[in-house]
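What follows is a set of notes on a single structure, which appears directly below.
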Amino acid sequence: MQFRRHTPGLAAVLVLAVLYGAATVSAANPDPTPTADGYSFERMDIAMPPGYDALEKRTVRTVNPSYHHIRSWISSVGAGIAINDLAGHGRDSGMCLVDTRTDSVVVTYTPTAPAEDRFEPFVLAPKHLPTSDIMAPMGCAPGDFDEDGRTDILVYYWGRTPIVFQAKDDVRMPSTSAYEEVELVPSSAEGRDYSGEPWNTNAVLVRDLDGDSHPDIIVGNYFPQSGVLDPSGRKDVYMNDSLSRANNGGGMRVLRWVRNDADGRPQYVEDKDAVPYEDASGWALGLAGADLTGDLLPEVYVANDFGHDHLLRNTSTRGRIQFSTAVGSRGPTTPKSFVVGKGSFKGMGVDFVDLDGRAKFDMVVSNITTAWGLEESNFVWRNDARSGEDMTAHLARGHAPFTQTAQERGMAWTGWSWDVKAGDFRNSGSPDVIQTAGFVKGEHNRWAWLQELATANDVLVREPSMWPNQQPGDDLAGHQPLAFYAPDGSGRFTNITHEIGTDIETPSRGIAIGDTTGTGVLDFAVAYQWDEPVFYRNTSTVGRSLELSLRRDSLTGSSTVPAYGATVTVRDADGREQVTQLDGGSGHSGKRAFTVHVGLGDSDGPVTATVAWLDRSGRAHSEPVRLLPGRHTLLLTDQVKEYTK
4 MQFRRHTPGL AAVLVLAVLY GAATVSAANP DPTPTADGYS FERMDIAMPP GYDALEKRTV
64 RTVNPSYHHI RSWISSVGAG IAINDLAGHG RDSGMCLVDT RTDSVVVTYT PTAPAEDRFE
124 PFVLAPKHLP TSDIMAPMGC APGDFDEDGR TDILVYYWGR TPIVFQAKDD VRMPSTSAYE
184 EVELVPSSAE GRDYSGEPWN TNAVLVRDLD GDSHPDIIVG NYFPQSGVLD PSGRKDVYMN
244 DSLSRANNGG GMRVLRWVRN DADGRPQYVE DKDAVPYEDA SGWALGLAGA DLTGDLLPEV
304 YVANDFGHDH LLRNTSTRGR IQFSTAVGSR GPTTPKSFVV GKGSFKGMGV DFVDLDGRAK
364 FDMVVSNITT AWGLEESNFV WRNDARSGED MTAHLARGHA PFTQTAQERG MAWTGWSWDV
424 KAGDFRNSGS PDVIQTAGFV KGEHNRWAWL QELATANDVL VREPSMWPNQ QPGDDLAGHQ
484 PLAFYAPDGS GRFTNITHEI GTDIETPSRG IAIGDTTGTG VLDFAVAYQW DEPVFYRNTS
544 TVGRSLELSL RRDSLTGSST VPAYGATVTV RDADGREQVT QLDGGSGHSG KRAFTVHVGL
604 GDSDGPVTAT VAWLDRSGRA HSEPVRLLPG RHTLLLTDQV KEYTK
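According to this note's numbering, the sequence shown is numbered sequentially starting from 4.
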């Protein structure tokens with residue numbers, strides 16, 4: 004009887020002990036100083052258009068009346084950034100970015116760009132397509148969508164479908180007159196006022212999905228089709244129908260390239276049944292793809308806010324995009340959310356990366372991981388398949404052979420995490436991982452209110468009126484800096500952001516990575532929510548690298564285009580193997596350059612790079628090439644050829 008009387012108290016003490024232990028573990032980090040040795044970055048300003056500084060800079064959005072009391076929450080996304088070769092000179096010295104302060108898409112150059120790659124920065128805005136006062140850009144993705152050898156820019160929005168800004172034939176350098184606007188989704192709307200579908204997009208994935216060698220696009224929408232930014236809109240909008248398994252979001256739209264029209268404009272059709280319906284209606288914030296099986300068709304990871312993430316097995320055939328869903332398995336000691344496809348965490352961003360040099364793609368996923376707030380965990384999914392064939396067999400059974408290892412890796416707890424990108428910034432042969440963080444910046448801590456919402460019944464959560472105030476001045480994880488995780492040599496990673504000076508205490512969103520100088524060294528840029536973007540020039544002590552520009556003939560044969568879908572496995576003199584890929588555009592709101600980069604450490608001898616690709620007819624090829632460290636352009640036809648313009 005006495006034991007029963009004390010059971011509630013004992014249980015409470017046990018719960019507190021467990022929570023204290025978890026918080027202690029999350030706060031107990033090794034000394035980052037030794038790991039940070041050799042890393043160095045110079046913070047640089049980004050050139051903006053003439054007169055840009057004089058524009059009014061806002062700090063919150065105008066929203067639907069139902070969202071007015073949570074307008075800071077609604078205003079928490081939209082800052083995006085990308086690095087790519089916009090000038091066409093073979094260097095990743097161009098940038099596009101989304102500045103939420105002005106709702107502008109800015110095209111500019113990196114601060115490290117040589118004189119011949121520089122141009123007058125400008126705002127990229129639709130002039131000839133329908134627009135509205137209740138739309139706002141959320142991100143930009145460079146790509147060659149018409150496959151003519153010039154880099155176009157895909158811009159995606161809240162309030163309308165995406166637009167391709169297609170580079171014109173007769174203009175060589177970026178400018179306001181260098182692009183023609185093309186609707187990504189056909190619309191019958193006429194006039195200046197947009198009346199098409201009000202997509203609310205926060206992520207895109209650009210990749211050859213069906214094996215026809217053309218760039219397809221998956222569009223990840225957050226809010227369902229509604230007037231989120233309409234101050235006069237109807238009060239029929241809603242929020243997530245759960246904080247752990249929401250399925251009432253905008254979801255995924257899968258667009259397949261079919262042709263260029265008579266005027267050379269890319270034409271896409273929607274494969275509406277490409278993803279099982281129950282897995283295509285989440286609140287998407289991140290998308291990434293990689294070939295896990297060796298068939299050169301990318302599997303896709305979907306990071307959904309307030310719901311299950313999904314790993315999609317690619318079963319497409321030429322002319323038809325199709326996915327099935329694979330989920331992980333759970334043991335007696337495995338938390339439910341540590342199972343691929345079964346998690347209740349808040350997926351924000353994702354990247355595929357070979358973390359250990361095993362020639363296998365692992366997956367790093369961002370979640371909300373704030374101590375004494377919502378202390379969930381980031382995901383580091385270790386690829387446990389023995390081979391591509393073994394992965395094929397697992398996925399065919401609907402099983403995803405991955406184990407969650409974020410805590411063992413030292414990357415479990417960052418904060419309110421968003422975009423995540425991996426890159427070898429010291430060319431050591433081991434990748435680093437950058438992760439943006441922070442939510443809403445203010446003076447008044449509102450975690451208690453959010454915790455109260457987290458205990459609410461799901462029936463109430465979908466109603467905006469039931470959400471606690473989140474207005475200007477309120478703060479939720481608003482002072483968290485981005486994380487820069489560097490490998491410490493033991494298989495773990497250490498966050499060295501304070502040691503290298505990347506610890507700006509402002510919510511950050513998109514990460515862009517690229518070799519902006521053509522010297523074999525990666526730089527990066529960050530988009531900050533309601534603040535100016537920042538470029539970080541890499542001044543670290545670096546080893547050697549192999550950089551590959553993977554190209555195939557354009558549709559006209561007069562130039563070359565990115566070889567979407569190509570993968571590379573590099574074997575160095577010590578027998579270590581690393582796998583990477585041409586990333587056509589993935590993540591949350593940041594996009595890396597197309598150049599494939601592999602760090603080689605101190606090795607200066609030739610390495611073997613096995614390139615795998617699909618040719619224009621859909622035939623698979625895999626060819627080993629001996630290459631010296633440095634930058635190489637490879638033309639992929641029915642064989643690999645070193646290419647010079």
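Think of the CB as a built atom: it goes at the ideal place given N, C-alpha and C, for glycine as much as any other residue. If you're wondering where the values come from, they're calculated on a predicted model, not measured in any experiment.
Could you tell me the distance, in whole angstroms, from the CA atom of residue i to the CA atom of residue j?
{"i": "P490", "j": "E466", "result": "44 Å"}
{"i": "P140", "j": "G521", "result": "30 Å"}
{"i": "G413", "j": "T497", "result": "6 Å"}
{"i": "Y55", "j": "E186", "result": "27 Å"}
{"i": "L58", "j": "V537", "result": "19 Å"}
{"i": "P218", "j": "H402", "result": "28 Å"}
{"i": "R153", "j": "L89", "result": "8 Å"}
{"i": "D605", "j": "S431", "result": "8 Å"}
{"i": "M51", "j": "T111", "result": "7 Å"}
{"i": "I220", "j": "L290", "result": "11 Å"}
{"i": "G142", "j": "E302", "result": "23 Å"}
{"i": "F125", "j": "V109", "result": "6 Å"}
{"i": "S390", "j": "L617", "result": "20 Å"}
{"i": "H635", "j": "L551", "result": "5 Å"}
{"i": "H313", "j": "V240", "result": "25 Å"}
{"i": "G352", "j": "F309", "result": "13 Å"}
{"i": "G331", "j": "P404", "result": "6 Å"}
{"i": "D266", "j": "D147", "result": "16 Å"}
{"i": "G523", "j": "T115", "result": "13 Å"}
{"i": "V28", "j": "Q407", "result": "Confidence is the limiting factor: at V28 the pLDDT is only 46, short of 50, which leaves the residue's position unreliable, though a coordinate-based value still follows. Near 17 Å, if we compare the C-alpha coordinates of Q407 and V28."}
{"i": "D298", "j": "A623", "result": "8 Å"}
{"i": "R595", "j": "V101", "result": "15 Å"}
{"i": "Q410", "j": "F382", "result": "9 Å"}
{"i": "A362", "j": "T613", "result": "11 Å"}
According to the neighbour-count rule (16 or more other Cβ atoms, all chains shown, within 10 Å of its Cβ), is residue i buried or exposed?
{"i": "M469", "result": "exposed"}
{"i": "D213", "result": "buried"}
{"i": "K130", "result": "exposed"}
{"i": "W375", "result": "exposed"}
{"i": "T572", "result": "buried"}
{"i": "A576", "result": "exposed"}
{"i": "S107", "result": "buried"}
{"i": "A30", "result": "At A30, the pLDDT of 46 sits below 50, so the modelled position is not reliable and the matter cannot be decided from this model."}
{"i": "K644", "result": "exposed"}
{"i": "L453", "result": "buried"}
{"i": "N460", "result": "exposed"}
{"i": "A118", "result": "exposed"}
Can you tell me whether DSSP reads residue i as helix, strand or coil?
{"i": "S561", "result": "coil"}
{"i": "Y160", "result": "strand"}
{"i": "A396", "result": "helix"}
{"i": "D3", "result": "This structure cannot speak to residue 3, because the chain is shown only from 4 to 648."}
{"i": "H71", "result": "helix"}
{"i": "P339", "result": "One point to set straight first is that residue 339 is Lys, not Pro, in the sequence displayed. The answer is helix: DSSP assigns K339 an H, G or I state."}
{"i": "T406", "result": "strand"}
{"i": "R577", "result": "The residue asked about is misnamed: residue 577 is Asp in this sequence, not Arg. The answer is coil: DSSP assigns D577 none of H, G, I, E or B."}
{"i": "Y280", "result": "helix"}
{"i": "I220", "result": "strand"}
{"i": "H313", "result": "strand"}
{"i": "I503", "result": "helix"}
{"i": "L456", "result": "helix"}
{"i": "L463", "result": "helix"}
Roughly how far, in whole angstroms, is the beta-carbon of residue i from the beta-carbon of residue j, given that I think they are within contact range, below 8 Å?
{"i": "R385", "j": "D365", "result": "6 Å"}
{"i": "G513", "j": "G593", "result": "3 Å"}
{"i": "Q532", "j": "A82", "result": "5 Å"}
{"i": "V257", "j": "E273", "result": "7 Å"}
Less than 8 Å between CB atoms is the rule here; does residue i satisfy it with respect to chain C?
{"i": "W470", "result": "The structure shown contains no chain C, having only a single protein chain."}
Residues in the same chain with beta-carbon distance under 7 Å from residue i, minus the five sequence neighbours each way, listed in chain order, please.
{"i": "R629", "result": "P609, T611"}
{"i": "P434", "result": "V356, L358, A425, G426, D427"}
{"i": "R574", "result": "E580, V610, T611"}
{"i": "T372", "result": "E378, E379, S380, N381, A415, W416, T417, G418, S420"}
Short of 8 Å in beta carbon distance, which residues of its chain neighbour residue i, apart from the five on each side in sequence? Order them along the chain.
{"i": "P457", "result": "Checking the sequence shown, residue 457 turns out to be Ala, not Pro. Cβ within range, chain order: L246, L377."}
{"i": "P37", "result": "D491"}
The ligand GDP and residue i: does the residue's C-beta get closer than 7 Å to at least one heavy atom of that ligand?
{"i": "T111", "result": "Among the components of this structure there are no ligands whatsoever, and the ligand GDP is therefore not found."}
Excluding five sequence neighbours on each side, which residues of the same chain lie with their C-beta closer than 6 Å to the C-beta of residue i?
{"i": "R163", "result": "M138, Y197"}
{"i": "V443", "result": "S75, S79, L479, G481"}
{"i": "L631", "result": "P609"}
{"i": "T62", "result": "W533"}
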